[in-house]
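To keep things clear, I will list the structure first and then write my remarks on it.
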Amino acid sequence: MSNTPATADSRSPGTEDTAVAVLQPETAAKAFVGRSPGELAWIRLKRDRTAFGSFITVVLFIVVALASPLISKLYGVTPTAGNAGLLNSEGLPIGYLGGISADHWLGLEAGSGRDLFMQLIFGLRTSLIIAFSAAIISISTGVVIGIISGYFGGWVDQALTWFTDFALAFPFLVFALAIIPIINTASYDVGEEVPGSFRIGVIIGVFALFGWMTTARLVRGQILSLREREYVEAARAAGASSAHILFKQLLPNIWAPILVAFSLALPGFIAAEAALSFLNIGVVEPTPDLGRLVYYGRQWLGTPDWAYFLIPASAVFIVVLAFNLLGDSLRDALDPKSSK
Amino acid sequence: MTDLADSAASTATTTTPGREPLLKVEGLTKHFPVRSGLWGKGSVVRAVENVNFEVKPGETLGLVGESGCGKTTTGRMLVRLLEPTSGKITFEGEDITHTKGNRLRKLRQDIQIIFQDPYASLNPRHTVGRIVAMPLQVNGIDPPGGVKKRVQELLETVGLNPEHYNRYPHEFSGGQRQRIGIARALALKPKLIVADEPVSALDVSIQAQVVNLLRQLQRDLGLSFVFIAHDLAVVRHFCERIAVMYLGRMVEVGTREQIYENPAHPYTRALLSAVPDVTKLGGHGRIKLEGDVPSPIDPPSGCVFHTRCWKAQEKCSAEAPALVPVQNGSIAACHFPESGEVV
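In order, the protein sequences belong to chains A and B. Here the first sequence is numbered in this note's numbering, starting from 1 and rising by one per residue. Here the second sequence is numbered in this note's numbering, starting from 1001 and rising by one per residue.
Rendered as structure tokens:
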């Protein structure tokens, strides 16, 4: 199925031959290739420098996060190992810029003396795992709900739209603040350790619970406008089933907005996750986390050297910015008419 | 007068005897419910009201009228994209008004539709080959020589280069796109094609090409057409019989000669006088209709045209005229039909 925007197989082997057969051999080969809208979007994306820069950054972050255990091995430092010997009596790292040295590239965390670089890349891994899982779950939920409500209409649509509005009206942060600790304590007995994986699962669940509404609305709107298009009517007049109309006629036309929604949901979840951890209701020790790094660093802001605050804070900033820019570029490339 | 009315009620259309009608439409009505808000008061848009006509094999029937007069709605009901509120559609002697399931799928192969907007009627994500092959695929038809060969034949039939099989719709002009739409409609070898304003979105120079293509197809393949249009010049070129609609109702049905040379209904006359004619410059004989088409939610009483008719009298607002044979040989719904020639 050539649903994906940039499929290579959409050109049959016959095209090149026929193209060469036409009068001007050199230009013809170029001009006569049929390009799908997906291929055109890819060409536009390749020309966009912001997209290129943010894409490289995003890929770099993802690779580093995925390879963090390997990097830790090569680097020779574990994320949790304290280096009490390198801290002064107040708990601040000895040396400039938070104790940056050949052994500790981004210095040490004040108070605990843990290696900041290791904390950072393992924290990044936590953030990205949560953000990607939450985005995949919430976007797919939104797509399914949006399609059902837009395509079938009637009372189904009314009920789902009402439910979407209801979920949108919930204040996310207040709800998260209230529910996450309750779920965590209710699921485990007093005194029992709540495992980190369970906490991560709860955060993903809460994000997914609150992340699907905008996608559902977007997809519903798209389906509503597309299902009245004449090519859908043509399919219906030819006797096509609902499945054919949904999957072959409609879905290929809403991949672009879904992809954009996904790429813009990611930085949102990264930032939200960091915020929750900053408020100490997200991931707790010993799971490394970006938001908590910022929170710890904040406590030492009064001291003259606060690199250990600046470094994790800029890391969060750069990740979120890169994902956002990439999402924007993707939108521009996929829908040139919507740009600015 | 009464015997005329009786004979009109029995046939309701001008019939040339001998040929069984391919399509017969009786009392076709479509009402769209409109509701404001969840508990708002419901009202009804009377889009199509009691429409009767027939199409014989190989015949082209033109359906003309202003925007919003129910032409398109009628067309959509014929291809069963819309469910009629009441009335009866008979195709090859079979009542198809509420056919469902497999029988409907079979039926759809016989009645196809060509759309108005060549930019909205082709899926932008599909290649031309996929678009034209779609009707074959959804019906599980495997033509001799394969789908690709059949599609290329179809492209050739409509005057496109079969090598363009792998191109996307955005790489074609409006006229070429409309040809692709025609190829798709032909894929299932239909007997009847409903053409919903197939050329009104095209340049005038391209219109002629597409209309000529349709004519040629009609001759070569023996197709019947219901040709929906508001352009009377195109209809005159293409259609043997013409039905004029106003506000969801049939106001006059007749042959091309009857309608164009001797229209009986004042509305038909007004429509004809509005056709720009470069040979007779100037507003000489032009009938200018005042105001807009009334709302189909609340249509005027009596004859729906009386609010804009220059001949309207008291009777017109009180009593709805029936479709009856008139002097020129066509049938018209008017209390005071015209008798003179078009100026």
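Built from N, CA and C at the ideal position, the CB exists for glycine as well.
Chain-ordered chain A contacts of residue i [CB-CB under 8 angstroms]
i         : result
B/ILE1113 : GLU233, ALA234, ALA237
B/ASN1139 : ALA238, GLY239
B/LEU1081 : GLU233, ARG236, ALA237
B/ALA1120 : ARG229, GLU230, TYR231
B/ARG1103 : Per Cβ cutoff of 8 angstroms: no residues; B/ARG1103 is ~11 angstroms from chain A at best.
Under 8 angstroms from the C-beta of residue i: neighbouring residues of chain B
i        : result
A/PRO252 : ASN1123, ARG1125, HIS1126
Among the options, nearest to residue i - alpha-carbon criterion
i         : options                                    : result
B/ALA1183 : B/ASN1166, B/GLU1156, B/VAL1147            : B/GLU1156
B/ARG1080 : B/ILE1193, B/TRP1310, B/LEU1323, B/GLY1329 : B/ILE1193
A/SER277  : A/THR78, A/PRO37, A/LEU173                 : A/LEU173
B/VAL1304 : B/PRO1325, B/SER1339, B/GLY1175, B/HIS1265 : B/HIS1265
A/SER127  : A/LEU330, A/LEU334, A/PHE323, A/THR141     : A/PHE323
B/GLU1296 : B/GLY1027, B/SER1043, B/GLY1146, B/LEU1023 : Here residue 1296 of chain B is Pro; the residue named in the question, Glu, does not match the sequence. Here the closest residue by C-alpha is B/SER1043.
A/PRO69   : A/GLY153, A/ALA51, A/LEU120                : A/LEU120
A/PHE163  : A/PHE152, A/LEU177, A/ILE179, A/ILE145     : A/ILE145
B/ILE1113 : B/PHE1227, B/ALA1047, B/ASN1139, B/THR1307 : B/PHE1227
B/HIS1306 : B/ALA1322, B/GLN1327, B/CYS1334            : B/CYS1334
B/ARG1167 : B/VAL1132, B/ALA1185, B/ALA1187            : B/VAL1132
A/LEU325  : A/VAL283, A/ALA272, A/LEU266               : A/LEU266
A/ASP289  : A/ALA307, A/LEU301, A/GLU228, A/ALA315     : A/ALA315
B/THR1074 : B/LYS1056, B/LYS1030, B/GLU1066            : B/LYS1030
B/PRO1276 : B/HIS1230, B/ALA1320, B/CYS1316, B/ASP1298 : B/HIS1230
Residue i: contacting residues in chain B (beta-carbon distance under 9 angstroms)
i        : result
A/PRO37  : PRO1124, ARG1125, TYR1168, HIS1170
A/GLN249 : ASN1123, ARG1125, HIS1126, MET1134
A/HIS244 : MET1134, GLN1137, VAL1138
DSSP state of residue i mapped onto helix, strand, coil
i         : result
B/ASN1050 : strand
A/LYS46   : helix
A/ARG229  : coil
A/ARG114  : coil
B/LEU1281 : Its pLDDT being 48, under 50, B/LEU1281 is placed unreliably by the model, and the measurement read from it follows with that caveat. The answer is coil: DSSP assigns B/LEU1281 none of H, G, I, E or B.
A/GLU192  : coil
B/VAL1151 : helix
B/LYS1100 : coil
B/SER1121 : coil
B/ARG1286 : coil
A/ASP157  : helix
A/GLU109  : coil
A/SER89   : coil
B/ASP1142 : coil
A/LEU266  : helix
B/LYS1315 : helix
B/GLU1020 : coil
B/ASP1220 : helix
B/VAL1055 : strand
A/PHE172  : helix
Residues bridged to residue i (per DSSP)
i         : result
B/PHE1227 : B/GLY1062, B/ALA1195
B/PRO1033 : B/VAL1044
B/GLY1254 : B/ILE1242
B/ILE1111 : B/LEU1192
B/ILE1331 : B/VAL1253, B/PRO1325
B/GLU1156 : Note: B/GLU1156 sits in no beta bridge, so no partner.
B/SER1086 : B/THR1029
B/VAL1079 : None, per the DSSP bridge assignment.
Distance between residue j and residue i (C-alpha atoms, nearest Å)
i         : j         : result
B/GLN1207 : B/TYR1246 : 25 angstroms
B/ARG1286 : B/LYS1148 : 52 angstroms
A/LEU160  : A/ALA186  : 30 angstroms
A/VAL202  : A/ILE130  : 10 angstroms
A/ALA81   : A/LEU60   : 25 angstroms
A/LEU279  : A/VAL294  : 10 angstroms
A/ASN253  : A/LEU264  : 19 angstroms
B/ALA1201 : A/ALA235  : 21 angstroms
B/ILE1331 : B/LEU1063 : 15 angstroms
A/PRO312  : A/GLN299  : 14 angstroms
A/GLU233  : B/LEU1078 : 13 angstroms
A/SER112  : A/MET213  : 41 angstroms
B/LEU1160 : B/GLN1209 : 12 angstroms
A/THR57   : A/VAL64   : 11 angstroms
A/HIS104  : A/ASN83   : 10 angstroms
B/GLN1109 : A/ARG49   : 51 angstroms
A/ILE270  : A/ALA256  : 22 angstroms
Under 9 angstroms by beta carbon: chain A residues contacting residue i
i         : result
B/LEU1188 : ALA238, GLY239
Within chain A, the residues that residue i reaches when beta carbons sit closer than 7 angstroms
i         : result
B/ASP1117 : GLU230
B/ARG1184 : ALA234
B/ARG1108 : ALA237, ALA238, GLY239
Heavy atom of the ligand NAD within 7 angstroms of residue i beta-carbon
i        : result
A/ALA271 : Questions concerning the ligand NAD fall outside what the structure shown contains, since it holds no ligand whatsoever.
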